[in-house]
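Report on the structure given below.
Protein chains: 2
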Amino acid sequence: MTAPALTKNQSLVFDVLSRSDAPLSAYTILDKLREHGFRAPLQVYRALDKLLERGMVHRLESLNAFVACAHQEKECCVGHGHGTVAFAICESCGHVVEFHDHAVDHRLDDWARQRKFKPAKTTIEIRGLCDACAA
Amino acid sequence: MTAPALTKNQSLVFDVLSRSDAPLSAYTILDKLREHGFRAPLQVYRALDKLLERGMVHRLESLNAFVACAHQEKECCVGHGHGTVAFAICESCGHVVEFHDHAVDHRLDDWARQRKFKPAKTTIEIRGLCDACAA
DNA sequence: TCAGTTGCGTTATGCTATAACGTGTGTCAT
DNA sequence: ATGACACACGTTATAGCATAACGCAACTGA
Numbered sequence: 001m002t003a004p005a006l007t008k009n010q011s012l013v014f015d016v017l018s019r020s021d022a023p024l025s026a027y028t029i030l031d032k033l034r035e036h037g038f039r040a041p042l043q044v045y046r047a048l049d050k051l052l053e054r055g056m057v058h059r060l061e062s063l064n065a066f067v068a069c070a071h072q073e074k075e076c077c078v079g080h081g082h083g084t085v086a087f088a089i090c091e092s093c094g095h096v097v098e099f100h101d102h103a104v105d106h107r108l109d110d111w112a113r114q115r116k117f118k119p120a121k122t123t124i125e126i127r128g129l130c131d132a133c134a135a
Numbered sequence: 136m137t138a139p140a141l142t143k144n145q146s147l148v149f150d151v152l153s154r155s156d157a158p159l160s161a162y163t164i165l166d167k168l169r170e171h172g173f174r175a176p177l178q179v180y181r182a183l184d185k186l187l188e189r190g191m192v193h194r195l196e197s198l199n200a201f202v203a204c205a206h207q208e209k210e211c212c213v214g215h216g217h218g219t220v221a222f223a224i225c226e227s228c229g230h231v232v233e234f235h236d237h238a239v240d241h242r243l244d245d246w247a248r249q250r251k252f253k254p255a256k257t258t259i260e261i262r263g264l265c266d267a268c269a270a
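Those protein sequences? They're chains A and B, same order as listed. Residues 1 to 135 (the working numbering) are what the first sequence spells out, left to right. Residues 136 to 270 (the working numbering) are what the second sequence spells out, left to right.
Below you can see the structure in the form of structure tokens.
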């Protein structure tokens, strides 16, 4: 029932993302893992694919970058029980806040249902300035 | 008061996007405009930048592609009076529906206000299957 | 034992976007 | 008019993001 353990590459990539306080591009991850034997982008992308499947990592479409899921409580990442994830991205300090909003989810679901559109994945990203950077 | 006329390159790019029934990448636009003298990606990107500024074109972050704004009534594109734009993107036929939802806008605004986050640009993209393709 | 699946490593390639340079043209205050 | 400025344009080169296609190794389950 429980998901199989992470492979070595998957763990390495996930650790790098978890330790980072800002999103990382695949190539940045690659550079951070060269000393662990990574040589090629595909090693990173393949690990990311699996981590994305599990919901342990999110992709920020507007940045072409990746973050570890903020819900580090195990239940969340294993049984990705929440709906759509939204992100607030500070364009100054790079910090990202992940959040969920049921009202927004519900509203978009309604829209889709009315149009008979079948959602597969929804992206919500707010770019702007965080409190600290708005000065 | 009224915005200056489009330049030749801007018009060419906008026309290509307007005529397309699916999003186009910058390089696809470039290919379609080679016979009009376009030679380099920058010619396309520079035109797109201006069109994006005016709200006449939208960028789909999850596709790295561009669409003409669906509100072709002039008032909309000149005085971009609406709030955040959302998109439903069919992954089968490529068709994109643009829509606005005040409730969603308002909800995200509330979230930002509470966090003292200053939104600059918000991306909402639903990828899935349209009614026709869900079969 | 053999077929199927999954992960891995490597090389090569393709797609997306911008940097940095110089040119021409218009505006407008002097 | 002239010089300063802004802006669009064209070109070459380069940076940054992502995947195709090959082959090998390990595991799993008939």
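C-beta atoms are modelled at their ideal positions from N, C-alpha and C, and glycine is treated no differently. Nothing here was measured: the structure is a model prediction, and the numbers come from that model.
By the 16-neighbour rule on beta-carbons within 10 angstroms, A:His36 is exposed. Among the residues facing chain A, B:Phe252 is included, as its CB has a counterpart in that chain under 8 Å away. Unbroken alpha helix (DSSP H) stretches of 4 residues or longer found wholly inside the segment 139 to 186 of chain B: 143 to 154, 161 to 167, given in chain order.
Counting only Cβ-Cβ distances below 7 Å, B:Glu226 has contacts in chain A at Ala120, in chain order. About 11 Å separates the Cβ atoms of B:Thr257 and B:Glu196, ruling out a contact at the 8 Å cut-off.
Shown here for B:Lys167: same chain residues with a beta carbon closer than 7 Å to its own, the five before and five after excluded, namely Val151 in chain order. At a cut-off of 8 Å between beta-carbon atoms, A:Ser62 makes contact with chain B.
Shown here, B:Leu243 sits in a helix according to DSSP, grouped into three states. Following the DSSP letters along the chain, one finds B:Ala200 in no alpha helix (DSSP H) but inside the beta strand (DSSP E) bounded by residues 200 to 203.
For the segment 154 to 175 of chain B, the set of residues with a beta-carbon nearer than 8 Å to any beta-carbon of chain A is empty.
Nearest to A:Phe99 by C-alpha distance, out of B:His241, B:Arg250, B:Ala203, is B:Arg250. By the Cβ-count criterion, A:Glu125 is buried, with 16 or more other Cβ atoms from all chains shown falling within 10 Å of its own Cβ. Secondary structure of A:Cys90 (DSSP, three-state): strand.
By the CB criterion at 8 Å, A:Ala47 and A:Asn9 fall inside the cutoff. For A:Arg34, the number of other beta carbons within 10 angstroms of its own is below 16, and it is reported as exposed.
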